[in-house]
Amino acid sequence: MDRWFCYFLLELNSELASLTDLISSFVPPGLTTDKWIWKMENNGVYSTKSLTSAIDNLAAAARVSLNPTILNNLIPQKIGIFIWRASKNKLPVHTELDKRGIDLHSTRCPVCDGDIETLQHSIISCKIAKEIWDSIRIWWKLDHLLIDNVSDIAKASNPHLKHPLLASFWKAVVWVTCYFIWKNRNTHVFRNNPLCPPKIVSNIQSKSFEWLSWFTDPISSSFSAKPKDGIG
Ligand SMILES: [Zn+2]
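For the sequence shown, this note's numbering assigns the number 3 to the initial residue and increments by one for each residue that follows.
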């Protein structure tokens, strides 16, 4: 190769490197280098306070959009949200997952294997759920639960419970029962925990006592405990 041509190539390579450096460090007038900006603060700097405030605003907006029958101040909000999801058929029972194309190999109930798992079956009709509901009925000394369909859950009305406070307590217990049936179904499915209806009912009762403060002595709650002063 010609010597001068080699010099030319070296010079060309050097100029190319210089040009690359120049372009990479070039910032057009009026612009700054790229950086992250937190839009929830005027100064663009992230703060936990602004994030917490934004989450609170979103939660408040979500509460406003909820059906009023889904609100229940007697029990934790997570249970109200669970009931809202159930009323919209948004719980991931096997038939719903199957509809969304998730291959589970079977849509049968993972608890009893006695039927396909719909929300109605899981919360109301499953053998374990029925046993739990019957214990709740006995606890409340009711002839009929009047919780025959998923659509009965949100209102949970029972004409035998005429006092408004009693009706509110009953509604709360129905919701807590649904929540515990679903929660225990999940621990059975995902952790293979055995399902023990008397134990689940006991948990429903103790949590109901805790949240509703019905009893002066919550420790007295047991599977055979009954609401005091005419409840049920
Ligand atoms: Zn079942």
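Ideal Cβ placement from N, Cα and C applies to all residues, glycine included.
Pull up the distance between the alpha-carbon of residue i and that of residue j, whole angstroms please.
i    : j    : result
H162 : E212 : 24 Å
S127 : D58  : 38 Å
S20  : S26  : 10 Å
S223 : Y48  : For S223, the predicted model reports a pLDDT of 42, less than 50, meaning its position is unreliable; a value from the coordinates is still stated below. Each residue's alpha carbon lies about 48 Å from the other.
D145 : T179 : 18 Å
T22  : F10  : 18 Å
I183 : D105 : 24 Å
H107 : K164 : 47 Å
I138 : E43  : 51 Å
S204 : N160 : 22 Å
L167 : R102 : 41 Å
P78  : G116 : 33 Å
W38  : N45  : 12 Å
R110 : R87  : 21 Å
L53  : I130 : 43 Å
Y13  : S55  : Correcting the residue type first, residue 13 is Glu in the shown sequence and not Tyr. The straight-line gap from Cα to Cα measures roughly 59 Å.
I85  : S170 : 15 Å
L197 : L76  : 27 Å
N195 : A156 : 28 Å
K41  : K51  : 13 Å
N15  : L60  : 57 Å
L80  : K143 : According to the sequence provided, residue 80 is Lys. The question's Leu does not apply to it. When rounded, the distance between both Cα atoms is 28 Å.
T305 : N74  : This structure does not reach residue 305, given that the chain is present from 3 up to 234, and the question cannot be answered.
A158 : L147 : 9 Å
E17  : L24  : 10 Å
Have a look at the options and flag the residue whose alpha-carbon is nearest the alpha-carbon of residue i.
i    : options                : result
I118 : E13, D136, L99         : L99
P200 : F10, H123, M42, E133   : E133
H96  : H123, G46, L76         : H123
S208 : S55, W141, A156, W38   : W141
D36  : G116, F28, M42         : F28
I202 : D136, R102, L12        : D136
I206 : N194, N186, V191       : N186
F238 : A158, A169, V113, L121 : Here the chain has residues from 3 to 234 only, and residue 238 is not among them.
G82  : L148, I125, Y181       : Y181
N188 : I125, L147, L24, L148  : I125
On the DSSP bridge assignment, give the partners of residue i in chain order.
i    : result
R110 : I118
query = Does the segment 196-214 come close enough to the segment 173-186 that 3 or more CB-CB pairs lie under 8 Å?
reply = yes
query = Counting Cβ pairs closer than 8 Å, one from the segment 88-97 and one from the segment 145-159, do we hit at least three?
reply = yes
ask   = Could you give the uninterrupted runs of the alpha helix (DSSP H) lying entirely in the segment 144-199, keeping only those of 4 residues or more?
value = 166-193
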